[in-house]
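Have a look at the structure below, then the notes.
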Amino acid sequence: DVKVTQSSRYLVKRTGEKVFLECVQDMDHENMFWYRQDPGLGLRLIYFSYDVKMKEKGDIPEGYSVSREKKERFSLILESASTNQTSMYLCASSFGRGVAGEYEQYFGPGTRLTVT
Amino acid sequence: AQSVTQLGSHVSVSEGALVLLRCNYSSSVPPYLFWYVQYPNQGLQLLLKYTSAATLVKGINGFEAEFKKSETSFHLTKPSAHMSDAAEYFCAVRIYNNAGNMLTFGGGTRLMVKP
Numbered sequence: 005d006v007k008v009t010q011s012s013r014y015l016v017k018r019t020g021e022k023v024f025l026e027c028v029q030d031m032d033h034e035n036m037f038w039y040r041q042d043p044g045l046g047l048r049l050i051y052f053s054y055d056v057k058m059k060e061k062g063d064i065p066e067g068y069s070v071s072r073e074k075k076e077r078f079s080l081i082l083e084s085a086s087t088n089q090t091s092m093y094l095c096a097s098s099f100g101r102g103v104a105g106e107y108e109q110y111f112g113p114g115t116r117l118t119v120t
Numbered sequence: 007a008q009s010v011t012q013l014g015s016h017v018s019v020s021e022g023a024l025v026l027l028r029c030n031y032s033s034s035v036p037p038y039l040f041w042y043v044q045y046p047n048q049g050l051q052l053l054l055k056y057t058s059a060a061t062l063v064k065g066i067n068g069f070e071a072e073f074k075k076s077e078t079s080f081h082l083t084k085p086s087a088h089m090s091d092a093a094e095y096f097c098a099v100r101i102y103n104n105a106g107n108m109l110t111f112g113g114g115t116r117l118m119v120k121p
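Next up, the structure:
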């Protein structure tokens, strides 16, 4: 069974703090993704990575950065948290970049971040 | 460009009634389509996927979806709703660019099941 874990289920931070969200997968997947989920907006892609040290911007990268130093770990960084970054953050992973798109993404349980 | 539209952000059915959740897609290439379910305070779990084989796809928990190219639809159905089906459901379509394969998601449909 694929397992994607996220470092925290709930997090409360203050405006201006630097925030790290960690994601680890155990299936040797090449691709990893960070989404934010807001009511009525579905899931929006923040960043993704198809290999170690590689990253690509998604639809809403502003205010975020990422790090992928090891294949199994993908970190999302909020350099200076703001209240409009209060949201549910979901990490996902999938098989590799070169294959056809029939492989699904596997999701972690999510981190509900509140910025006050 | 590929996109997904889910009609109805909230759907309410009685226990035992038919469940129908609507999804229409737009894709310039043969689509790969997915339905995910999200239970409260959990991540997303794959229900089923269409990858150009049979047009009627069966998934977990008694759900199925039919790919209709002429209607650009991939609606999710279940003959008889159960209380445990109450959750949020997301339709997604594969998009592909130079960076690889990704998914774009619809806005989600929250299913409520009344006793």
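One line per chain: the protein sequences are A and B, in this order. Going by this note's numbering, the first sequence opens with residue 5, and the numbers climb by one from there. Going by this note's numbering, the second sequence opens with residue 7, and the numbers climb by one from there. Here a beta-carbon is modelled for each residue, glycine too, at the ideal position from N, C-alpha and C. All values derive from a computational prediction rather than experimental measurement.
Apart from sequence neighbours up to five positions away, the residues of its chain that approach A/D30 with a beta-carbon distance below 6 Å are K7, ordered along the chain.
Here the region 52-66 of chain A makes contact with the region 34-44 of chain A; the two share three or more CB pairs at distances below 8 Å. Taken through DSSP and simplified to helix, strand or coil, A/G46 comes out as strand. Contact between A/G46 and B/F111 holds, with the beta-carbon distance rounding to 4 Å and staying under 8 Å.
Counting C-beta atoms within 10 angstroms of its own C-beta, B/G14 has fewer than 16 neighbours from the protein chains shown and is therefore classed as exposed.
For the pair A/Y54 and A/E34, the CB atoms are nearer than the 8 Å cut-off. Counting only residues of its own chain and dropping the five nearest sequence neighbours on each side, A/Q109 has a CB closer than 6 Å to the CB of A96, S98. Assignment of B/M89 by DSSP, reduced to helix, strand and coil, places it in the helix class. Residues of the region 43-70 of chain A that bring their beta carbon within less than 7 Å of a beta carbon in chain B comprise G44, L45, G46, L47, L49, F52, Y54, E60, in sequence order. With 16 or more other CB atoms across the displayed protein chains lying within 10 angstroms of its CB, A/A85 is buried. Burial state of B/E94 is buried, judged by a 10 Å Cβ sphere holding 16 or more other Cβ atoms.
Residues of the region 9-25 of chain A with a C-beta less than 7 Å from any C-beta of chain B: none at all.
B/L52 reaches chain A at E108, counting residues in chain order whose Cβ is nearer than 7 Å. In terms of beta-carbon proximity, B/L117 stays away from the interface with chain A, with every pair separated by 8 Å or more.
Non-local beta-carbon contacts of B/E70 in its own chain, meaning distances under 8 Å to residues more than five positions away in sequence, involve L54, L62, V63, K64, L82, T83, K84 in chain order. Nearest Cα to A/M58 within the set A/L49, A/Y68, A/K74, A/G44: A/K74. Look at B/I66 here: in three-state DSSP terms it is helix. Under the 10 Å beta carbon count, B/N107 is surrounded by 16 or more other beta carbons and is classified as buried. With 16 or more other Cβ atoms from the protein chains shown falling within 10 Å of its own Cβ, A/M36 counts as buried.
Under the three-state reduction of DSSP, A/T87 is assigned to helix.
Annotated three-state conformation of B/Q44 is strand, per DSSP. For a cut-off of 8 Å, the C-beta gap from B/V17 to B/Y31 is around 19 Å, too long to register as a contact. In this structure, B/L50 and A/F111 form a Cβ contact; the two beta carbons are roughly 4 Å apart against a cut-off of 8 Å.
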